[in-house]
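J.:
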Amino acid sequence: MFELKIDNAKYWRDCVESIVSLIDEGSFNISKEGISLKAMDPSGISMVSFFMPSKAFSKFEVEKATSIGLNIENLGKVLSRARDDEVLVMKDADSKLLIEFIGKGVRRRYKLPLIDVRKNVDKEPNVQFDANVEVAGEPLKEIIKDANLISSYISFKAAKDSFTITAHGDSGELEEVHEPDGNIIKRLEAQKAAEATFNLEYLENMVKSCPVGNSITMSLRSNEPIKMSYNIGDAVITYYLAPYMES
Amino acid sequence: MFELKIDNAKYWRDCVESIVSLIDEGSFNISKEGISLKAMDPSGISMVSFFMPSKAFSKFEVEKATSIGLNIENLGKVLSRARDDEVLVMKDADSKLLIEFIGKGVRRRYKLPLIDVRKNVDKEPNVQFDANVEVAGEPLKEIIKDANLISSYISFKAAKDSFTITAHGDSGELEEVHEPDGNIIKRLEAQKAAEATFNLEYLENMVKSCPVGNSITMSLRSNEPIKMSYNIGDAVITYYLAPYMES
Amino acid sequence: MFELKIDNAKYWRDCVESIVSLIDEGSFNISKEGISLKAMDPSGISMVSFFMPSKAFSKFEVEKATSIGLNIENLGKVLSRARDDEVLVMKDADSKLLIEFIGKGVRRRYKLPLIDVRKNVDKEPNVQFDANVEVAGEPLKEIIKDANLISSYISFKAAKDSFTITAHGDSGELEEVHEPDGNIIKRLEAQKAAEATFNLEYLENMVKSCPVGNSITMSLRSNEPIKMSYNIGDAVITYYLAPYMES
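These protein sequences, in sequence, are chains S, P and L. Position 70 of the first sequence, counted from 1, bears residue number 70 in our numbering, the numbering being contiguous throughout. Position 30 of the second sequence, counted from 1, bears residue number 30 in our numbering, the numbering being contiguous throughout. Position 217 of the third sequence, counted from 1, bears residue number 217 in our numbering, the numbering being contiguous throughout.
1) What's the gap between the Cα of S:Ser151 and the Cα of S:Tyr230?
2) With a cut-off of 8 Å, do at least 3 Cβ pairs link the region 186 to 202 of chain S to the region 214 to 225 of chain S?
3) Look up P:Asp92 in the DSSP assignment and give the residues it is bridged to.
4) Could you compute how far the alpha carbon of P:Asp161 sits from the alpha carbon of P:Leu188?
5) Tell me which residue opens and which closes the alpha helix (DSSP H) that P:Met245 is part of.
6) Buried or exposed, going by whether 16 or more other CB atoms sit within 10 Å of the CB of S:Asp94?
7) Which chain S residues are close to P:Ser222, counting only those with a beta carbon under 8 Å from its beta carbon?
8) Beta-carbon of L:Leu149 versus every beta-carbon of chain P: anything under 8 Å?
9) Under 8 Å, do S:Arg13 and S:Ser80 count as touching if we go by C-beta distance?
10) Mind pulling the chain S residues with CB within less than 9 Å of L:Tyr110?
11) Mind checking P:Glu124: buried by the 16 CB within 10 Å criterion, or exposed?
12) Taking 8 Å as the CB-CB limit, is L:Asp161 close to chain P?
13) Taking the continuous alpha helix (DSSP H) assigned at S:Val20, which residues delimit it?
14) Which bits of chain P does L:Ile184 rub up against, with CB to CB less than 9 Å?
15) Could you compute how far the alpha carbon of L:Lys91 sits from the alpha carbon of L:Gly69?
16) Cutting at 7 Å between CB atoms, please list the residues of its own chain near P:Asp85, excluding the five before and the five after it.
17) Using DSSP with H/G/I as helix, E/B as strand and the rest coil, what is P:Gly105?
18) Opposite S:Lys227 in the DSSP bridges: which residues?
19) Have a look at S:Leu241 and S:Val177 and give me their C-alpha separation to the nearest angstrom.
20) CB-CB under 7 Å to L:Leu75, same chain, minus the five flanking residues each way: which ones, in chain order?
21) Under a Cβ-count criterion, where at least 16 other Cβ atoms within 10 Å of its own Cβ denotes burial, should P:Pro42 be classed as buried or exposed?
22) Return no unless some Cβ of chain L is closer than 8 Å to the Cβ of P:Pro113.
23) Could you list the residues in the region 68 to 79 of chain S with a C-beta less than 8 Å from some C-beta on chain P, going in chain order?
24) Just list the residues that DSSP pairs L:Ala39 with in beta bridges.
25) 8 Å is my cut-off, CB to CB: does S:Arg118 come that close to chain P?
26) Do you know how far the Cα of L:Lys208 is from the Cα of L:Glu134?
27) Along the chain, which unbroken stretches of the alpha helix (DSSP H) at least 4 residues long are found entirely within the region 114 to 152 of chain S?
28) Determine whether the Cβ of S:Arg187 lies closer than 8 Å to any Cβ atom of chain P.
29) Give every residue of the same chain whose Cβ lies closer than 7 Å to the Cβ of L:Phe51, excluding the five residues on either side of it in the sequence, and list them in chain order.
30) Any C-beta of chain L within less than 9 Å: which residues of the region 78 to 93 of chain P qualify?
31) Which of helix, strand or coil does DSSP assign to S:Lys77?
32) From P:Leu203 to L:Phe101, what distance separates their C-alpha atoms?
33) Put L:Ala275 into one of helix, strand or coil per three-state DSSP.
34) Quick one: what's S:Leu59 bridged to in DSSP?
35) Straight-line CA distance for P:Met40 to P:Val121?
36) Please report the residue range of the alpha helix (DSSP H) in which S:Val207 lies.
Structure (structure tokens):
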């Protein structure tokens with residue numbers, strides 16, 4: 001038995017969009033601390049870890065810690081129907097998730113079936129990262145588009161004084177050198193130079209829900225998975241993506 | 001012989017768009033009272049009835065009542081070419097419909113062939129409706145999208161104190177309860193509760209030409225066709241749609 | 001060895017877009033006077049001639065006149081990545097074209113391979129035109145859309161006092177008569193009436209890069225190619241298109 005209430009339905013929609021960009025189904029864990037989800041994408045090369053603290057809700061009642069498996073894609077579609085100024089309530093009802101949008105003079109109730117999630121994921125990859133780069137979200141989205149012109153892969157290289165992006169393809173090459181001037185690169189810490197190559201399509205999905213004006217923190221270690229993380233209000237979304245190894 | 005003139009070509013375009021959303025061909029009847037069209041959609045489950053009074057025109061000359069059969073889809077495309085501040089003239093010329101857009105220093109004349117319309121429709125369905133609901137147009141468009149997430153059909157239920165929408169599908173259920181608070185439901189009169197289910201694609205086409213800010217009046221009787229009607233300036237568009245009977 | 005610098009990267013992007021709308025590959029000739037390109041479209045029925053004077057660049061260094069063959073489509077895609085307030089530098093480097101976008105704290109360098117252009121074009125068609133019509137760019141784009149409703153071809157007729165557009169098709173006819181009132185038709189000079197028919201798809205591609213507010217000059221002679229030309233800042237783009245001969 002649980003009942004969660006958010007004063008701004010569109011905020012919860014934005015949170016779920018950050019999950020659905022990689023994941024089609026998963027289990028939300030609801031406990032006194034808040035609501036969380038860990039899941040791998042169907043291909044198994046990326047992972048999502050989401051957490052939203054109970055304080056982000058105007059009502060957060062949960063009898064005992066519980067887990068609800070959902071088709072996240074359907075959940076995202078239902079939440080896309082949120083209107084301005086609507087309050088959202090989520091609760092369990094007859095083995096379904098009841099999603100109620102409450103506006104002026106109208107209650108809209110969707111019921112979604114609970115599902116058995118095939119694969120549950122408990123822990124995040126354990127990598128000792130060598131470098132952390134904090135990049136403004138909008139420019140990072142543009143950088144990914146820059147590389148997309150040329151290739152399906154992008155290489156990130158974090159060094160002491162610069163963050164470099166490269167991409168290679170039949171139609172040309174790209175090299176972008178960024179200095180940490182506080183404009184695009186907000187922060188750059190590299191104990192050791194770190195370089196790795198990643199699939200652009202996954203990266204694109206990982207950055208796209210970053211709210212305008214927010215920064216994205218990337219953690220790198222040569223030829224290891226990248227960790228990417230940003231805030232959506234009080235919630236935190238973290239992604240991991242395995243490196244691409246050129247054969 | 002007729003000659004009709006409208007000072008705002010885009011207004012007539014909007015009127016024809018409300019017809020073309022369901023109908024691909026039909027006959028306009030032009031008489032002293034105005035211009036009207038009644039037609040069934042090709043599948044025969046819906047009907048359009050349009051009327052625009054002669055006073056909506058700045059010139060309305062018609063010798064004797066006449067009927068012109070047109071490919072309404074082509075007519076709609078031609079009218080989509082209306083520019084701001086253009087006057088529109090329609091007249092008959094050599095068994096064609098001459099459509100003239102008159103702007104500054106330019107006359108653009110389209111001629112459309114007249115066609116024999118296969119099926120003419122004279123009268124509207126005769127239903128003794130039990131309930132009338134007046135709904136603001138924009139929210140009704142959103143309600144239809146709400147249901148579209150879940151199903152291809154929507155059920156409307158008008159009762160004394162509430163107007164309820166339901167939809168059911170494999171991915172979930174929707175129930176929306178609206179009170180007639182004057183915000184979304186402008187008016188609700190139900191002599192008797194009335195409930196019926198309709199195809200969403202047709203409903204979507206029926207509401208889409210409703211001008212922003214206008215209301216749509218729906219008349220219902222259990223398991224009978226729905227009547228939907230709204231104004232476009234001085235013109236009135238009315239649609240009928242047969243109910244969907246679950247087998 | 002050359003190095004060209006433009007203070008507004010998006011300006012050069014706009015210039016290249018005017019070429020890429022018809023041409024997929026071609027050779028730029030770089031000489032002290034400026035940069036130019038002449039190329040035929042793959043079908044051979046149209047031609048592009050582009051010229052941008054050296055004064056349009058903030059730096060224009062060229063040791064000796066040189067020619068660089070490029071996949072113009074790829075060049076266009078790279079230039080589409082220009083951001084606001086970026087400076088653009090183009091130079092040769094290791095048999096590639098280096099395109100450098102310089103913004104605040106970031107240098108983005110694309111390298112594009114040089115290619116052997118299959119067919120080089122040296123001269124423009126030699127036609128003694130009978131009429132010149134200068135038309136505002138935006139209305140001309142609309143005129144082309146007007147005709148597109150009805151046909152894949154459009155006829156232009158320039159006479160002493162009027163410029164007339166016609167199109168014919170199964171779904172109807174169009175006739176537009178424009179007087180040279182300075183509004184849409186800025187200038188009309190016809191020593192002799194000139195009339196010819198052209199493919200609309202090509203015309204559409206030819207007019208689409210005309211900057212908002214600019215005029216397009218068309219030169220006509222009956223059943224001869226049309227010449228169309230407009231300015232993009234200091235650059236001039238000229239197109240030729242063979243007439244369509246109804247069989």
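Even glycine gets a Cβ: it sits at the ideal position worked out from N, Cα and C. All of these numbers come straight from a predicted model, not from anything done at the bench.
T.: On the basis of the coordinates in this document:
1) 26 Å
2) Yes, since at least three Cβ pairs between the region 186 to 202 of chain S and the region 214 to 225 of chain S fall closer than 8 Å, the two stretches touch.
3) Answer is P:Leu97, bridged to P:Asp92.
4) Counting only the Cα atoms, P:Leu188 lies some 8 Å from P:Asp161.
5) Looking at the DSSP string, P:Met245 is not in any alpha helix (DSSP H), and its letter there is neither H nor E.
6) exposed
7) Under the 8 Å cutoff, chain S gives no residues; its nearest Cβ is about 23 Å from P:Ser222.
8) yes
9) yes
10) Asp146, Leu149, Ile150, Gly172, Glu173, Leu174 and Glu175
11) Classification of P:Glu124: exposed, given that the 10 Å Cβ count is below 16.
12) Closer than 8 Å: no.
13) Ala9 to Val20
14) Annotation: Cβ neighbours of L:Ile184 in chain P (cutoff 9 Å, chain order): Gly103, Lys104, Gly105 and Val106.
15) 13 Å
16) Gly103
17) coil
18) S:Ser219 and S:Tyr240
19) 23 Å
20) Val16 and Leu112
21) exposed
22) yes
23) Asn71, Asn74, Lys77 and Val78
24) Looking at the DSSP assignment, L:Ala39 forms a beta bridge with L:Val48.
25) no
26) Going from the Cα of L:Glu134 to the Cα of L:Lys208 covers about 16 Å.
27) 137 to 148
28) With 8 Å as the cut-off, S:Arg187 does not count as an interface residue toward chain P.
29) Gly34, Ser36, Ala235 and Val236
30) Across the region 78 to 93 of chain P, CB contacts with chain L closer than 9 Å involve Val78, Ser80, Arg81 and Arg83, in sequence order along the chain.
31) helix
32) C-alpha separation (whole angstroms): 51 Å.
33) Past the boundaries of the shown model lies residue 275 of chain L; chain L is included only from 1 to 247, so the question cannot be answered.
34) Looking at the sequence itself, residue 59 of chain S is Lys, so the reference to Leu does not match. Paired residues: S:Lys5.
35) Straight-line Cα distance between these residues: approximately 7 Å.
36) Leu200 to Val207
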